[in-house]
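J.: Sharing a structure, written as structure tokens. Questions coming.
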Amino acid sequence: MRLPFFYGWVVVAVIFVTMAIGVNARTAFSLFFPPIIAEFGWERGLTAGAFSFGFVVSAVVSPLIGRLMDRAGPRAVMEVGVALMAGGLLLAPLTSAPWHLYVTIGIMVGAGSVCLGYSGQSLFLPNWFIRKRGFAIGIAFAGVGIGSVTLLPWVQHLIEQTGWRTACTAMGLLVLIVLAPINLFLRKRPEDLGLLPDGDAAPSAHSAKPVSNVVDPVWVATDWTLQRALRTARFWWISLGYFCGLYIWYAVQVHQTKFLLDIGFSAGVAVWSLGVVSLLGIPGQILLGHVSDRIGREWVWVASCAGFAICFAALVALKFWPSLLLVYVMVFAQGALGYGLTSVMGPVVLEIFQGKHYGSIFGSIMLAALAGGAAGPWVTGFLYDLTGSYTLPFAIAIIACGLSALSIWQASPGKVRAVAGRLHKLQGGTGAG
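With this note's numbering applied, the sequence shown corresponds to residues 18 to 450, in that order.
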């Protein structure tokens, strides 16, 4: 039975809900962090290390998830993710030693999140759209923001009323009950249902020939296997850019709440800041995703890195001039600009290495990205324990912002395939589709 609308939007809706719950189930560690430290008295570096260890696990399994996606499709990947994440969250309340936290939050939730989060969704969602690729991904990933402003305050309320263990159990049940059934609606690509990307009609003999988006025909004609991709500078530039991108993302996300509490802000302001960052990420991701369809993925990546750089600069300044105005600047720059990274993370790789091995290539690049996600919280916590201040680790993060922007600019996906807004510049030129 044909739907009255393109099935790709069903896929977007399922991912929206999955991201709202799945990503925030992991983000909630930032809220569990203070009461766990208070209960056990463990060092911040050791405790934050469980979250970072989850990224190490995510990095290790990321190439395997890419291969599983290539062979079995998104439904298998997502259900594995649900089982792992729900299991980890339901077992974490039994924690009584650091290694328990590393196994549950680290190994199980970490491995599950790579399936349910940005990495897993970016393996197949870009297949469903071409002209509206950035826009559709921006909408799907904006679910993270909706989940943050609804789920995180709820989790904080549960922590205050019944403790972090009850809150963790509740999140585990939510993951299992909601996400297990809805992800059965996913399909890997529109062709699996006899459809075309963007919901386009099949071309007829009288149809006008579509304008090719290929800028570099020789590159596009190459059958990109993982082995071939590894021998290109572009692969390593993207890997470096993504490493730094997730480093800066999670360095601030894990430590932001504790930092604001340390310099005198109330728990309400700290939790509000974490939630509003993701709330602002909703219009930010959608708008920047749409903008990337018009002007190119590189420009949006640069704008997002600039947002994180402003965020860290504001955090450094807050230690010396604690004011709500600087908190607003930090929150706006991080959410409205910084979160735009996610809307182009999949398209950057797909538009360079499109082909039947895309999952393996993207999964391998995410090995570097998730290593950055692991390094960010751990290095930041370690340097805090070493120096007694967040100034040095936040300054290092600003440098990482610039390096990430430079790396994606060097990879230049726009020099391989043009986005929809640049197709007019290819008209009259040459290139094979």
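For glycine and all other residues, C-beta sits at the position ideal for the given N, C-alpha and C.
With respect to the alpha helix (DSSP H) encompassing H174, which residues constitute its N-terminal and C-terminal limits?
T.: G160 to T179
J.: Would you tell me roughly how many angstroms separate the C-alpha atoms of G448 and V235, rounded to the nearest one?
T.: Here the model assigns G448 a pLDDT of 42, short of 50, so the residue's position is not dependable and the matter cannot be decided.
J.: Using CA atoms only, rank isn't needed, just tell me which of G162, L278 and V161 is closest to L48.
T.: Closest by alpha carbon: L278.
J.: Looking at the structure shown, is V232 part of a helix, part of a strand, or coil, going by DSSP?
T.: coil
J.: Look up R434 in the DSSP assignment and give the residues it is bridged to.
T.: Under DSSP, R434 forms a beta bridge with V231.
J.: What is the rounded straight-line gap between the Cα of P51 and the Cα of Q351?
T.: 22 Å
J.: Judging by CA-CA distance, which residue of S360, G393, L190 and F33 is the nearest neighbour of K149?
T.: S360
J.: Between P80 and G380, is the Cβ-Cβ spacing less than 7 Å?
T.: Yes, the pair counts as a contact, with Cβ atoms nearer than the cut-off.
J.: Taking its Cβ as the centre, do 16 or more other Cβ atoms sit within 10 Å of K205, making it buried, or is it exposed?
T.: buried
J.: Does the Cβ of A435 have 16 or more other Cβ atoms within 10 Å, making it buried, or fewer, making it exposed?
T.: In summary, A435 is buried, with 16 or more beta-carbon neighbours lying within 10 Å of its beta-carbon over all protein chains present.
J.: So, is P17 buried or exposed, given that buried needs 16 or more other C-beta atoms within 10 angstroms?
T.: Any question about residue 17 goes unanswered here, given that the chain covers just 18 to 450.
J.: Taking G129 as part of the alpha helix (DSSP H), name the residues at either end of that continuous run.
T.: Note, G129: alpha helix (DSSP H), V126 to L133.
J.: My guess is that W241 and F370 are in contact by the Cβ rule of under 8 Å, so how many angstroms apart are they, rounded?
T.: Rounded, the Cβ-Cβ distance is 5 Å, consistent with contact.
J.: To the nearest whole angstrom, what separates the beta carbons of W181 and P115, a pair I think is in contact under 8 Å?
T.: Their Cβ separation, rounded to whole angstroms, is 15 Å, which puts W181 and P115 out of contact at 8 Å.
J.: Please report how far the alpha carbon of D209 lies from the alpha carbon of L175, in whole angstroms.
T.: 43 Å
J.: With a threshold of 16 other CB atoms inside 10 Å of the CB of L341, please say whether the residue is buried or exposed.
T.: exposed
J.: I think V333 touches T408, with their Cβ atoms under 8 Å apart; what is that distance to the nearest whole Å?
T.: 6 Å
J.: In this structure, does DSSP put F349 in helix, strand or coil?
T.: helix
J.: Buried or exposed, going by whether 16 or more other CB atoms sit within 10 Å of the CB of G25?
T.: Only buried fits G25, as 16 or more other CB atoms lie within 10 angstroms of its CB.
J.: Quick one: is H441 buried, meaning 16 or more other Cβ sit within 10 Å of its Cβ, or exposed?
T.: exposed
J.: Roughly how many angstroms lie between the CA atoms of F411 and A388, to the nearest whole one?
T.: 18 Å
J.: Figure out for me which residue from R43, P143 and L213 has the closest Cα to the Cα of V271.
T.: R43
J.: How would you call S368, buried or exposed, if buried means at least 16 neighbouring beta carbons within 10 angstroms?
T.: The amino acid occupying residue 368 in the given sequence is Glu; Ser does not appear at that position. With 16 or more Cβ atoms within 10 Å of its Cβ, E368 is classed as buried.
J.: Work out the CA separation of T183 and V120 for me, nearest whole Å.
T.: 19 Å
J.: In this structure, how does DSSP classify L370 when only helix, strand and coil are distinguished?
T.: The sequence shown places Phe at residue 370, rather than the Leu named in the question. Correct three-state label for F370: helix.
J.: With contact counted as at least three CB pairs below 8 Å, one residue from each stretch, are the segment 311 to 319 and the segment 420 to 435 in contact?
T.: yes
J.: In terms of alpha-carbon separation, which member of V232, M95, T404 and A386 lies closest to T35?
T.: M95
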